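First comes the structure, then the notes that go with it.
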Amino acid sequence: MGWAQGIAKIDTRWLYLALLLSFALPLVLPTAIPLKISGETRIVYDAVEALPAGSVVAIDVFCSLSSVPELQPPAVAVTAHLFTRPLKVVIWALVPEGPIFAQMVIDKVKPEIERYGKKYGEDYVLLGYIAGAEAAMSALMKDTRAVVTRDQYNNPIEKLPLMDSVRGAKDINLLFCWMAAQPDERIRQYSVFGGIKWVPINVSAWLSGLRPYLEAKQILSFVNGLRGAAEYEYLTKRYSRGTASMGMLSISHLMVVGAIILANVTFLYAQQKSKRGN
Amino acid sequence: MILTVQAILTVLMIVDFFVTNPSLNELARQLTNTAIVLGGFTLSLGAAALARFHINHITKRTAKEWYYSIWTLVCVVLTFSLGLASTTPFGKPGYDFLTQTLLAPFSAAIYAIAGFCMFSLMFRSFVGRSVEVVIFLISAFLLLMKNAPIAEVIWSGLPIMGDWVNNVPSMAGLRGITIGAGVGLVASVVRGILGLERGGLGRE
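Structure, rendered in structure tokens:
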């Protein structure tokens, strides 16, 4: 068996091991890699910085827990930034797993909540899961109280002072959506119906799906997965998992590219050999 | 009768979007809230269907299935009970442990396994057998490099080329798909109003 055949028939477990090492080694032996800040991430950072004191920022959680490794770092980076500013934050979830994810992010930004003296009910609220998908979005834009009667911790909404001033789309100054899906429903409800400026914090796989809406100015911008997290962490100087993941992202991507090149070299070699043989 | 109600409600919701009339807007709001309540009930329906499916496996002792069904139902009951207790000081630690320490890493791990399979698949099948595949390979290479910070270190042109692939040909294709889907949605609504769209009622 020639070398080309040997590579082509390599045991899949060796490929898995190579990919695992490409993830693990950069985490064990971190290396600093220069990072260029994209225009999209900077727009989001600037938008948060430009919000006047007392502005309401809503967060819509629309992703399952399988997206936590990619979405938690950007969600934490942006939410931490929100809590460093005199803003009000309202979080709701439109998937059943959303409240768990929201709680995980809130736990991660506890240092900011404590340092800036943010109080639950006055400065931030977790509304929990709201059933109904697009109908729920539409209802939230019209009249928040008609949809939500109790928060994530079962407190009546009337006992949360922040919710007195958040009655619908007109009271929301900026909206983030942690999402691992196409944005179409949110374009209809948040952009068109609610007229809200909103920003997807998305998994990289959906980046292409957001582009047409960005060009049409139906979304303000986006924070793109782990890469976006690292950029946002650089802008806020709060270095965390996003920055730490950049080595892993680079090496694993190089591994994939290397594997594709190797597969093609092997294929071309085998093709040439077969032509010569004929 | 159902088709007539469907047509009237569809027209009403469309008119509500364009017209400001307190009575009409209130009616539309109530209808939206009804849809949310129905959405909540679908969760119960899902739970009932899941229970029925697995109880069936257990009672019939389906080979290589029934013991997994028991485990599934145990997990459902446990999660449901801890969820109910999560607002109490006694139940919260248990619920947090279940969701944040077990459910989140397990969900992420299952998702991540797909990455390994895709890597193996790419190695086996991403070979330039035709012009179309070569174009696909170049696009994939540039998009991978666009997202990896190390690409900038290798050659500053790589992320620029990746951005171009994402912002020009990819976006053009997606625009076509989005506009096509939008036109299809409008056509579907018109068919619904005219009573021609009967798939949701289980009819041809």
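Keeping their order, the protein sequence lines are chains G and H.
The first sequence begins at 14 in the numbering used here and counts up by one.
The second sequence begins at 17 in the numbering used here and counts up by one.
Glycine included, every Cβ here is placed at the ideal spot set by N, Cα and C.
Computed from a predicted structure; not experimentally measured.
Note down the Cα distance separating G/Ala88 from H/Ile129, rounded to an integer number of angstroms.
Taking the first residue of the first sequence as 1, we reach residue 88 of chain G at position 75. Taking the first residue of the second sequence as 1, we reach residue 129 of chain H at position 113. If I take the Cα positions, the gap works out to 23 Å.
Is there contact here, the region 163 to 174 of chain H with the region 164 to 172 of chain G, by at least three beta-carbon pairs under 8 Å?
No, the region 163 to 174 of chain H is not in contact with the region 164 to 172 of chain G.
So, helix, strand or coil for G/Asp73, using DSSP?
In the first sequence, counting from the first residue as 1, residue 73 of chain G sits at position 60. Secondary structure of G/Asp73 (DSSP, three-state): strand.
So what does H/Gly110 bridge to, in DSSP terms?
As a working mapping, residue 110 of chain H is identified with position 94 in the second sequence. Residue pairing by DSSP places H/Gly110 opposite no residue, since no beta bridge is assigned to it.
For G/Asn186, return the contacting residues in chain H, with the cut-off set at a CB-CB distance below 8 Å.
Your numbering for residue 186 of chain G matches position 173 in the first sequence. Taking a Cβ-Cβ cut-off of 8 Å, G/Asn186 has no neighbours in chain H, whose nearest Cβ is about 23 Å from it.
Give me whichever residues DSSP pairs with G/Tyr142 in a beta bridge.
Stepping through the first sequence from its first residue, residue 142 of chain G is reached at position 129. According to DSSP, G/Tyr142 shares a beta bridge with G/Ala106.
Counting only beta-carbon separations shorter than 8 Å, does G/Val270 have a partner in chain H?
Stepping through the first sequence from its first residue, residue 270 of chain G is reached at position 257. Yes - at least one Cβ of chain H is within 8 Å of the one on G/Val270.
Going by DSSP, name the residue or residues bridged to G/Val57.
Position 44 of the first sequence, counted from the start, is the residue given in the question as residue 57 of chain G. DSSP links G/Val57 through a beta bridge to no other residue.
Within chain G, partners of H/Gly55 - CB distance below 8 Å:
To locate residue 55 of chain H, count along the second sequence from 1; it is residue 39. The contacting residues are Ala144, Gly145, Ala146, Ala148, Ala149.
Can you tell me the Cα-Cα spacing of G/Val160 and G/Ala152, whole angstroms?
Within the first sequence, numbered from 1, the residue matching residue 160 of chain G stands at position 147. Within the first sequence, numbered from 1, the residue matching residue 152 of chain G stands at position 139. A direct Cα-Cα distance of roughly 7 Å separates G/Val160 from G/Ala152.
Short-range partners of chain H found in the region 246 to 269 of chain G, where Cβ spacing is below 9 Å
Within the region 246 to 269 of chain G, Met259, Gly260, Leu262, Ser263, Ile264, Ser265, His266, Leu267, Met268, Val269 place their CB atoms closer than 9 Å to a CB of chain H, listed in sequence order.
So G/Ile214 is in the beta strand (DSSP E); what residue range does that whole segment cover?
As a first step, residue 214 of chain G is located in the first sequence; it is residue number 201 there, counting from the start. Residues 211 to 215.
For G/Leu187, which residues does DSSP report across the bridge?
Position 174 of the first sequence holds residue 187 of chain G. When DSSP reads this structure, G/Leu187 sits in a beta bridge with G/Val70.
Which residue or residues does DSSP assign as beta-bridge partners of G/Arg163?
Numbered from 1 along the first sequence, position 150 holds the residue referred to as residue 163 of chain G. G/Arg163 pairs with G/Pro169.
Please list, in chain order, the chain H residues whose beta carbon lies closer than 8 Å to that of G/Leu220.
Position 207 of the first sequence, counting from 1, holds the residue named residue 220 of chain G. Near G/Leu220 (Cβ distances below 8 Å), the residues of chain H are Asn182.
Between the region 61 to 74 of chain G and the region 88 to 98 of chain G, do three or more beta carbon pairs fall short of 8 Å?
Yes: the two stretches touch, three or more of their Cβ pairs being nearer than 8 Å.
For G/Gly134 and G/Asp177, I'd like the C-alpha separation in whole angstroms.
Looking up residue 134 of chain G in the first sequence gives position 121. Looking up residue 177 of chain G in the first sequence gives position 164. Approximately 10 Å between the Cα atoms of the pair.
Endpoints, alpha helix (DSSP H) assigned at G/Asp136:
As a first step, residue 136 of chain G must be located in the first sequence, where it is residue number 123. For G/Asp136, there is no enclosing alpha helix (DSSP H), since its DSSP letter is neither H nor E.
Residues sharing a beta bridge with G/Lys101, DSSP:
To locate residue 101 of chain G, count along the first sequence from 1; it is residue 88. Note: G/Lys101 sits in a beta bridge opposite G/Val69.
Within the same chain, show all residues whose beta-carbon is closer than 7 Å to that of H/Asn182, passing over the 5 residues directly before and after it, in chain order.
Position 166 of the second sequence holds residue 182 of chain H. Exclusion of the five residues before and after H/Asn182 leaves Leu159, Lys162 as the residues of its chain whose Cβ lies within less than 7 Å of its Cβ.
Length of the line joining the Cα atoms of G/Ile46 and H/Phe122:
On the first sequence, residue 46 of chain G is found 33 positions in, with the first residue counted as 1. On the second sequence, residue 122 of chain H is found 106 positions in, with the first residue counted as 1. Each residue's alpha carbon lies about 30 Å from the other.
Member of G/Lys183, G/Arg163, G/Ser77 whose CA lies at the smallest distance from the CA of G/Ser68
Position 55 of the first sequence, counted from the first residue, corresponds to residue 68 of chain G. Between G/Ser68 and the set G/Lys183, G/Arg163, G/Ser77, the nearest pair of CA atoms involves G/Lys183.
Quick one, are the C-beta atoms of G/Trp191 and G/Ile143 less than 8 Å apart?
Taking the first sequence and counting its residues from 1, the one referred to as residue 191 of chain G is at position 178. Taking the first sequence and counting its residues from 1, the one referred to as residue 143 of chain G is at position 130. With contacts defined as CB atoms closer than 8 Å, G/Trp191 and G/Ile143 fail to qualify as a contacting pair.
Tell me whether G/Phe189 is buried or exposed, calling it buried when 16 or more other Cβ atoms sit within 10 Å of its Cβ.
Indexing the first sequence from 1 puts residue 189 of chain G at position 176. If you draw a 10 Å sphere on the C-beta of G/Phe189, you find 16 or more other C-beta atoms in it, and that means buried.
What is the DSSP secondary structure of H/Met17, counted as helix, strand or coil?
Numbered from 1 along the second sequence, position 1 holds the residue referred to as residue 17 of chain H. In the structure shown, the three-state DSSP call for H/Met17 is coil.
Can you list the residues of chain H that G/Ala276 reaches, using a CB-CB cut of under 8 Å?
Numbered from its first residue, the first sequence carries residue 276 of chain G at position 263. Per Cβ cutoff of 8 Å: Met138, Phe139, Arg140, Phe142, Val143.
Run through DSSP, which three-state label would H/Asn37 get?
Walking along the second sequence from the start, residue 37 of chain H turns up at place 21. Coil at H/Asn37, not helix or strand.
Counting only beta-carbon separations shorter than 8 Å, does G/Lys288 have a partner in chain H?
In the first sequence, the residue the question calls residue 288 of chain G occupies position 275. The beta-carbon of G/Lys288 is placed no less than 8 Å from the nearest beta-carbon of chain H.
How big is the Cα-Cα spacing for G/Gln285 and H/Glu148?
Translated into the one-based positions of the first sequence, residue 285 of chain G becomes position 272. Translated into the one-based positions of the second sequence, residue 148 of chain H becomes position 132. Distance between G/Gln285 and H/Glu148, taken at the CA atoms: about 20 Å.
Rounded to a whole number of angstroms, what is the C-alpha to C-alpha distance between G/Glu83 and G/Ser217?
Translated into the one-based positions of the first sequence, residue 83 of chain G becomes position 70. Translated into the one-based positions of the first sequence, residue 217 of chain G becomes position 204. Each residue's Cα considered, the two are about 8 Å apart.
Bridge partners of G/Asn237, per DSSP?
As a first step, residue 237 of chain G must be located in the first sequence, where it is residue number 224. DSSP output for G/Asn237 lists G/Asn215 as bridge partner(s).
For G/Ser234 and H/Glu42, the rounded distance between their alpha carbons
To locate residue 42 of chain H, count along the second sequence from 1; it is residue 26. To locate residue 234 of chain G, count along the first sequence from 1; it is residue 221. Cα to Cα, the separation comes out at about 33 Å.
Run through the DSSP bridge pairs and tell me what G/Met268 is partnered with.
One-based indexing of the first sequence puts residue 268 of chain G at position 255. DSSP lists no partner for G/Met268.
Under 7 Å from the C-beta of H/Ile166: neighbouring residues of chain G
Position 150 of the second sequence, counted from the start, is the residue given in the question as residue 166 of chain H. Those within 7 Å of H/Ile166 in chain G are Ile46, Ser263, Leu267.
Considering only C-alpha positions, which residue in the set G/Ala272, G/Lys288, G/Tyr282 is nearest to H/Leu137?
The residue you call residue 137 of chain H lines up with position 121 of the second sequence. Cα-wise, what sits closest to H/Leu137 is G/Ala272.
Is the CB-CB distance between G/Gln165 and G/Leu140 below 8 Å?
Numbered from 1 along the first sequence, position 152 holds the residue referred to as residue 165 of chain G. Numbered from 1 along the first sequence, position 127 holds the residue referred to as residue 140 of chain G. Yes.
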